[in-house]
Each structure stands twice: as C-alpha cells, then as structure tokens.
Amino acid sequence: DFLSSFEVPRGVGSGLIVSAKKGIILAPSYLVQGAQWIDVILPDGGQLGAKILALDQLTGLALLKTKPFGKQEVSIRKDLPKAGERVWLVGRPRFRVVLRSTYVCESPVRIISRGITLGSFFAVEGDLKGLGSAPLFDAKGRALGFALALPNLAEGTTVKVVPGYLMALVVQKALEEEKIIWPWLGLEGVALTPAVVKALGLPVSRGLLVTRVYPGSPAAVVGIRGARKTSSLGNLLWPSGGDVLVSFNGVPVSSQADLEKLLFVTAPGKIVELKIWRGKRLQPVKVYLGRRSFVQP
C-alpha cells in the first residue's frame with residue numbers, strides 16, 4: 001500500500017503523548033536533536049511548538065515539553081512482555097494513523113548501545129518500513145515500549161524495543177533532574193540454566209554468571225571477577241570461572257534484565273550490597289555506584 005511503499009520523510013516521526021495535561025511527549029532523540037524548531041501535530045490536527053527537556057543517551061529517547069492541550073494520560077506498562085504476546089505499533093508517519101499488529105518474538109533480548117551491552121529490551125517480529133519509529137501498545141491499551149528506527153535496533157525481520165520501564169524512568173528523571181544520569185556498575189553476565197549449573201558444578205541453582213567486568217568500573221574496583229575461560233557444554237562453549245551474582249540489595253537476581261531493572265532505579269553515588277558466589281563461598285560485596293558515561297558511536 002501507499003504508506004509502506006515510501007520511506008518516512010526526514011524530520012517527521014511519531015511520538016507518545018505521556019501527559020496532555022502537562023504537555024509531556026516522548027519522541028526519538030535523533031528526530032529532534034539539533035532541531036532549530038519542533039512542531040507537534042496533535043491527533044485532532046492542532047499544532048503546537050515544543051522544546052526539548054532532555055535527551056537520553058541510554059535509550060535514544062527525548063522528552064519534549066509543550067503547553068497543556070488536554071486531559072489524556074498514558075498508562076505505561078513496567079513489566080517486560082512475554083514471547084508470543086500480541087502487540088500493536090501505532091504511528092503517524094505521514095500525519096495519518098497507522099496501526100500495525102505484531103507479536104513479541106523474544107523477551108528479554110540484548111542490544112549493544114554505544115559500546116555497552118543492555119539486556120532488558122525485547123524484540124517484535126517485522127520491520128519499521130513505512131512507519132518509522134513508533135510506540136507499542138498491549139491489548140489493554142498500555143504503552144509497553146518504543147521501537148526506534150536505528151541500525152542497531154531495527155535490522156532484518158525483527159525490531160528490538162526500548163521497554164516501558166525505561167520509558168517511565170526517562171520521563172521521571174527528565175522531570176526531576178536537570179540532566180538524565182544513569183548509574184554505572186560495570187558488569188554483565190548470562191542467566192544460569194539447570195544444565196549449566198550441573199555441568200559447571202555450581203553451588204547455586206539461580207543467578208547471573210558474570211562474563212565480563214569493565215576495567216576501571218565500580219565492579220572491577222571491588223574485585224568482582226568475570227569469566228576466565230570457556231567450558232564445553234554439549235555443542236556449546238559456555239563462559240566459566242566468573243563470580244555468580246545472586247542478589248542486589250537483598251533482591252534476588254537471575255538474569256541481566258533483573259539486574260538492570262534494580263540498578264537503573266538506584267541513584268549514582270549510592271552504596272549497594274551485592275551477594276556473589278565465588279568457589280563454594282557466598283560473599284557480600286559493597287559497591288559504590290558510579291555515573292554511566294557514553295562513547296560516541
């Protein structure tokens with residue numbers, strides 16, 4: 001059809017009205033960064049000027065402010081959707097509403113953004129051709145993510161989506177802080193499975209097997225260890241020799257997504273307690289969280 005036959009014009013894209021009452025809108029950063037002016041076309045055809053409140057480098061989202069224009073408030077879903085769940089992309093690439101049904105094909109999923117791995121995004125089937133960046137909604141009408149038309153997120157037949165809980169944090173941080181700042185721990189890992197636990201002889205059944213610790217990071221400073229070798233597990237090579245993270249401030253952790261959801265709501269500069277298994281011992285480790293910095297792509 002016409003809408004899927006042409007690329008979305010540059011400088012034109014879809015946003016999410018977070019609060020019409022407060023004039024708050026989420027939009028892709030690449031769409032508004034460096035713009036001399038920003039015009040918002042409302043669902044009823046009205047037009048308003050907007051300014052940028054914040055640009056977020058972690059998610060690629062921007063928060064815009066315009067004058068109040070109604071009473072609508074969006075409900076943002078904070079939990080990750082399950083694989084197989086039906087969802088809807090909603091956009092207005094040429095000032096006409098486009099509704100596209102798809103489903104979640106993987107959740108959670110990892111991405112690499114500005115040199116750092118994030119493990120709490122999710123992926124949907126399809127592409128963004130003719131639609132551009134767009135928010136996603138579930139069957140109850142709740143916003144559960146934002147699909148960005150970026151090379152590292154929208155490739156081939158799947159699209160990796162910024163999850164709702166990060167969208168909500170971007171809004172909260174932008175309204176409460178002069179600049180969006182994220183905490184930095186500096187480790188990543190893989191979730192344990194029963195087969196891996198048995199094959200590696202680990203003393204725990206659930207946890208995050210640390211595979212990488214970034215040099216100079218808070219995790220490195222306190223001596224947390226990443227994987228030092230690989231072990232054969234059937235026809236797979238599995239990282240081994242690293243610590244196993246089992247809790248963050250007393251809350252159990254069993255995946256990278258679990259860790260990120262706990263980490264990102266904690267302010268930089270806070271001291272947190274991690275519990276790790278090393279060898280056959282459970283050890284508490286206190287870590288002073290740093291501020292996450294971003295390298296330019």
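At position 286 of the sequence shown (counting the first as 1) the number is 286 in my numbering, and the numbers step up by one without a gap.
Don't be surprised by glycine CBs; every beta carbon is placed ideally from N, CA and C.
Owing to the predicted nature of the structure, the values given are computational and were not obtained by experimental measurement.
With a threshold of 16 other CB atoms inside 10 Å of the CB of residue i, please say whether the residue is buried or exposed.
i, result
"Asp-258", "buried"
"Ser-120", "buried"
"Pro-163", "buried"
"Leu-236", "exposed"
"Ile-276", "buried"
"Arg-100", "buried"
"Phe-6", "Bear in mind that the predicted position of Phe-6 carries a pLDDT of just 39, short of 50, making it unreliable; the figure below should be weighed with that in mind. Looking at its Cβ environment, which holds fewer than 16 other Cβ atoms inside 10 Å, Phe-6 is exposed."
"Tyr-288", "exposed"
"Phe-137", "buried"
For the ligand ATP, I want to know if residue i counts as a neighbour, meaning its beta carbon is within less than 6 Å of at least one of the ligand's heavy atoms.
i, result
"Arg-206", "Inclusion of the ligand ATP in the displayed structure is not the case, the ligand content being empty and no account of it being possible."
Does DSSP put residue i in a helix, a strand or coil?
i, result
"Glu-260", "helix"
"Gln-33", "coil"
"Glu-106", "strand"
"Leu-166", "helix"
"Lys-280", "coil"
"Val-272", "strand"
"Lys-198", "helix"
"Leu-26", "strand"
"Lys-173", "helix"
"Arg-291", "strand"
"Ala-134", "strand"
"Val-204", "coil"
"Leu-153", "coil"
"Gly-145", "strand"
"Val-12", "coil"
"Val-265", "coil"
"Lys-286", "strand"
From the DSSP secondary-structure annotation, give me the bridge partner or partners of residue i.
i, result
"Glu-125", "Thr-158"
"Glu-188", "Arg-212"
"Ser-299", "Absent from the structure is residue 299, since the part of the chain shown begins at 1 and ends at 297."
"Pro-252", "Ser-247"
"Phe-179", "This sequence places Lys at residue 179; Phe is not what is there. Answer by DSSP bridge pairing: none, since Lys-179 is not bridged."
Please go through the same chain and pick out, in chain order, the residues whose beta-carbon is closer than 8 Å to the beta-carbon of residue i, but skip the five residues on each side of it.
i, result
"Glu-260", "Leu-118, Gly-119, Ser-120"
"Lys-383", "Shown here, the chain extends from 1 to 297; a query on residue 383 therefore has no answer."
"Arg-292", "Leu-58, Ile-116, Ile-181, Trp-182, Pro-183, Trp-184, Pro-268"
Got a sec? Which residues, its chain only, sit under 6 Å from residue i by beta carbon, not counting five neighbours each side?
i, result
"Gly-126", "Thr-102"
"Ser-75", "Arg-142"
Under 7 Å between C-beta atoms, does residue i make it to chain C?
i, result
"Gly-145", "Judged by its chain identifiers, the structure shown contains no chain C, having just a single protein chain."
Leaving out five residues before and five after residue i in sequence, what residues of the same chain have Cβ atoms less than 7 Å from its Cβ?
i, result
"Ile-353", "For the chain, the structure presents residues 1 to 297; residue 353 sits outside this window and is missing."
Worksheet entry | Residue ranges of each alpha helix (DSSP H) within the segment 206-250, 4 or longer | DSSP runs (the alpha helix (DSSP H)) wholly in the segment 206-250: 218-221.
Item to complete: Write down every uninterrupted run of the alpha helix (DSSP H) in the segment 34-119 whose length is 4 residues or greater and which is fully enclosed by it, in chain order.
Response: Qualifying alpha helix (DSSP H) stretches: none in this window.
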